[in-house]
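Have a look at the structure below before the remarks.
Numbering (this note's numbering), first residue to last: -6 to 97.
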């Protein structure tokens, strides 16, 4: 749906269910992978903090979607995944999965 032109010739970008479904699926699988993964024992508190932030943004994304605020839902789901990617990148989570994480 994104990129449709209005009569004015201006492009509008829409966040559709298909796009949200894709990012919710990827992020929920990444969350599960992190929860099941080995963590850096020396930085357990940091790992728990990163996971907590990801969970909070994921929860926010679900709330925004339920309120039909798809733009904020997309932003929140991307923040959630960013916390997971960052945690994997700095070695807090040993995920070894280049499909779900940008860092591996």
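Positions of the beta carbon are idealized from the N, C-alpha and C atoms, including for glycine.
**OP:** Could you check how far apart the C-beta atoms of residue 77 and residue 23 are, in whole angstroms? I think they sit under 8 Å.
**Re:** Taking the first residue of the chain shown as position 1, residue 77 is located at position 84. Taking the first residue of the chain shown as position 1, residue 23 is located at position 30. Sure, about 5 Å apart at Cβ, within 8 Å.
Original post:
DSSP beta-bridge partners for residue 31?
Top reply: Here residue 31 refers to the residue found at position 38 when the chain shown is read from its first residue. Per DSSP, 87.
Original post:
Three or more beta-carbon pairs under 8 Å between the region 52 to 67 and the region 31 to 43, yes or no?
Top reply: no
Original post:
Is it right to say residue 32 is buried, meaning 16 or more other beta carbons lie within 10 angstroms of its own, or is it exposed?
Top reply: Here residue 32 refers to the residue found at position 39 of the chain shown. Label assigned to residue 32: buried.
Original post:
Sorted by chain position, which residues of the same chain lie with C-beta nearer than 6 Å to residue 80's C-beta, five sequence neighbours on each side aside?
Top reply: Residue numbering aside, residue 80 sits at position 87 when the chain shown is read from its first letter. So the list reads 43, 86, once near-sequence residues are dropped.
**OP:** Give the range of the alpha helix (DSSP H) segment to which residue 64 is assigned.
**Re:** Counted from its first residue, the chain shown places residue 64 at position 71. Here the alpha helix (DSSP H) through residue 64 covers 63 to 82.
Original post:
What do you get for residue 93, buried or exposed, if any count of 16 or more other CB atoms within 10 angstroms of its CB means buried?
Top reply: Stepping through the chain shown from its first residue, residue 93 is reached at position 100. Buried: at least 16 other Cβ atoms inside 10 Å.
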